[in-house]
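Okay, so here's the structure we're looking at.
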Amino acid sequence: MSDTTATPSWTQGLGPDAVCAQYLATGEFRIQHCRGCGRHVFYPRLACNHCGSVALEWVPASGRGVVYALSIVNRSAEKGGPYNVVLVDLAEGPRVMSRVDGVPNDAVCIGLAVQARVATGAGSEPCVVFDAVPVGVAA
Amino acid sequence: MSGGIRGSAAIVGAALAGLGEAPGRSSEEIAVEASVKALAEAGLTTCHVDAVFGSLPGNANPLSALLIAEMLGVQPKFTDNNRTGGSTFLSYTLIAAMALKEGLCETALIFYGSNQRTAAGKLISSVKPFAYEAPYAPIFPATSYALAASRHMHEYGTTREQLAAVAVAARAWANLNPEAFMRGPLSVADVLASRMVSSPLTVRDCCLVTDGGAALVMTTAARARHLPMKPVYLLGAAAATTHMNIVAMPDLTQTAAIDSGRRAFEMARLTPRDIDVVELYDAFTINTILFLEDLGFCKKGEGGAFVASGAISPGGALPVNTNGGGLSCVHPGMYGMFTLVEAVRQLRGEAGARQVAGATLALCHGNGGVLSSQVTNILGTEATL
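Residue numbers (our numbering), protein chains in the order written: chain D, 39 to 177; chain B, 100 to 484.
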């Protein structure tokens with residue numbers, strides 16, 4: 039059942055999209071934690087997509103994740119060449135779209151352990167990207 | 100309750116318009132042309148139409164059913180512009196059947212029309228870029244399907260050759276269909292060697308960008324028997340949605356077709372084994388594999404081997420996408436209507452060189468968004484009631 043008393047601010051102030059954008063603008067990757075069911079939520083929502091509770095609080099993401107799916111977009115060389123698009127399962131549960139930086143596209147694979155950091159996206163907006171975790175380092 | 104809808108309404112007119120390229124003609128005009136043809140075939144006129152369902156591509160005409168009704172001079176009792184993507188049309192048939200059964204209307208017109216190829220040269224989409232995907236510049240919608248394909252390959256060992264086999268089968272059917280836009284030889288090697296779009300999908304793993312329109316006329320089963328065309332009855336229909344954006348799809352190897360298919364078969368009181376001909380929304384080659392698995396035509400994970408065996412090609416055990424599909428026949432943005440029109444033609448025995456002999460039961464399946472909305476229809480002839 040939704041807990042509508044725990045967070046009176048859920049109907050006021052900046053919505054979760056704007057809050058997330060503010061965190062990213064300061065270089066911080068935060069996700070939401072649901073006090074109703076204990077699960078994590080991302081992308082940001084006003085109500086928990088697992089249980090419907092509005093008792094969502096912002097917590098720092100561990101940034102740890104594993105590549106779940108992968109595609110290389112075949113952009114032409116004159117426009118910058120091919121780039122990878124991945125879905126990453128975060129250690130906390132949510133799945134995000136992103137890219138893996140710092141390694142050649144053919145080194146990116148499903149199952150690759152990755153670590154998040156805030157960088158910039160196609161429109162120069164702040165966004166979460168991932169680096170491959172070096173082999174031998176516990177993810 | 101669902102047993103009440105089974106066979107209560109029938110498709111009595113089905114028509115295509117502007118297939119391939121229709122230079123100088125608007126999406127609305129293509130939709131109207133298909134509508135007029137479908138009504139004529141049904142032995143009816145615009146005066147009979149009292150319910151209008153339909154969509155046009157993009158956001159130019161979000162109130163599209165109002166506009167097409169106006170262009171036809173129809174003042175409907177019931178109008179629906181519901182948009183779930185390319186699956187929408189298979190929901191219209193269900194809603195129309197419900198409205199017909201309840202006596203809310205007597206003659207339902209369902210339409211689609213698009214001039215996207217000659218007007219824009221690319222897919223016209225109404226989907227707004229998603230803030231949590233846009234920074235990574237996925238190609239919409241191809242990259243989302245490519246991600247699903249990558250996961251299916253990872254989990255089940257599905258190969259690019261098996262994906263290509265879907266495109267090859269679609270082309271073989273298109274080669275039997277004089278109305279198909281892309282005809283001529285196509286091999287697995289051709290598909291693999293064609294331009295990569297978003298790996299593992301090449302341009303030949305992706306549907307066409309064409310113009311085209313289609314229309315259906317539906318009425319009650321009782322009235323259908325007095326009209327000129329052999330009625331095609333809606334025996335089962337169900338919809339299911341899991342997500343909108345690919346990040347929110349629970350499992351990229353399992354679509355909501357598992358659910359829509361099960362409920363549609365339940366309503367129709369049939370099983371996959373009963374079906375003579377299958378028309379699936381093949382926006383990308385992975386779709387056909389996923390839907391064959393999820394609708395119960397083969398086991399999960401075995402779709403790749405199933406299509407590569409030749410089972411879905413002309414002469415195979417399970418004729419799939421007998422018009423050539425979105426991959427080789429027509430794909431004007433939202434393909435759902437074309438699954439229905441082809442099924443109607445097959446069940447009437449009008450499909451010429453590509454006719455599936457003795458077909459009495461057809462399954463049509465529509466997909467909307469990025470594997471998001473799944474809608475299944477099961478159609479049958481009088482003998483299957």
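Even glycine gets a Cβ: it sits at the ideal position worked out from N, Cα and C. Here the structure is a predicted model, which is why all the values come from computation and not from measurement.
Residues of chain D whose Cβ lies closer than 9 Å to the Cβ of B/Pro161 do not exist, since the nearest Cβ in that chain is about 23 Å away. Restricting attention to beta strand (DSSP E) runs no shorter than 3 residues, the region 285-355 of chain B encloses them at 295-297, 310-319, 331-340, ordered along the chain. By the criterion of at least three beta-carbon pairs nearer than 8 Å, the region 374-383 of chain B is in contact with the region 417-429 of chain B. Annotated as proximal: D/Gly101 and D/Phe67, with beta-carbon spacing under 8 Å. Here B/Phe210 is not near B/Asp179, since their CB atoms are 8 Å or more apart. B/Gly468 places its beta carbon less than 8 Å from that of B/Met343. Residue pairing by DSSP places D/Asn122 opposite D/Ile110 in a beta bridge. In the structure shown, B/Asn466 falls within a strand segment according to DSSP collapsed to helix, strand and coil.
Boundaries of the alpha helix (DSSP H) harbouring B/Trp272: 259-273, taken from the DSSP string.
Between B/Pro237 and chain D, the shortest Cβ-Cβ separation is below 8 Å. Scanning chain D for C-beta atoms nearer than 7 Å to the C-beta of B/Pro240 yields nothing, as the closest lies near 12 Å away. DSSP places D/Met135 in the uninterrupted beta strand (DSSP E) bounded by 133-136. Interface residue (Cβ-Cβ distance to chain D less than 8 Å): B/Arg250 is classified as such. Contact check for D/Ile110 and D/Asn87: beta-carbon distance about 29 Å, past the 8 Å limit, so the pair fails to qualify. Nearest Cα to B/Met436 within the set B/Gly106, B/Pro156, B/Val148, B/Glu254: B/Pro156. The contact set of D/Asp55 on chain B, defined by CB atoms closer than 8 Å, consists of Ala230 in chain order. Counting along the chain, D/Cys58 sits inside the alpha helix (DSSP H) bounded by residues 54-63. With a threshold of 8 Å between beta carbons, B/Val346 makes contact with chain D.
The Cβ of D/Val146 sits no closer than 8 Å to any Cβ of chain B. Listed along the chain, the chain D residues whose CB falls inside 8 Å of the CB of B/Ser224 amount to none; the nearest CB is some 17 Å away. Closest option to B/Ala121, judged by alpha-carbon separation, among B/Ser243, B/Thr206, B/Gly212, B/Ala164: B/Gly212.
Under DSSP, B/Leu222 shares a beta bridge with no residue. DSSP links D/Trp96 through a beta bridge to D/Gln70. D/Ile69 is outside the set of residues whose beta carbon lies under 8 Å from a beta carbon in chain B. For B/Gln445, the number of other beta carbons within 10 angstroms of its own is at least 16, and it is reported as buried. With its beta carbon less than 8 Å from one in chain B, D/Val123 belongs to the interface. Beta-bridge partners assigned by DSSP to D/Asp127: D/Val104, D/Arg133. Under DSSP, the beta-bridge partners assigned to D/Gln153 are D/Arg102, D/Asp169. Using a CB distance cut-off of 8 Å, D/Ser114 does not count as an interface residue toward chain B.
Pairing B/Val135 with B/Thr206 gives a Cβ-Cβ distance that is not under 8 Å.
For B/Asn214, the secondary structure class from DSSP, reduced to helix, strand or coil, is coil. Going by beta carbons, B/Gly119 and B/Val429 fall inside the 8 Å limit. The contact set of D/Glu66 on chain B, defined by CB atoms closer than 9 Å, is empty, because the minimum CB distance reaches about 16 Å. In the structure shown, the three-state DSSP call for B/Asn386 is helix.
Using a C-beta cut-off of 8 Å, the region 404-422 of chain B makes contact with the region 359-379 of chain B, since at least three inter-stretch Cβ pairs fall below that distance.
Here DSSP, grouped into helix, strand and coil, assigns D/Val146 to coil.
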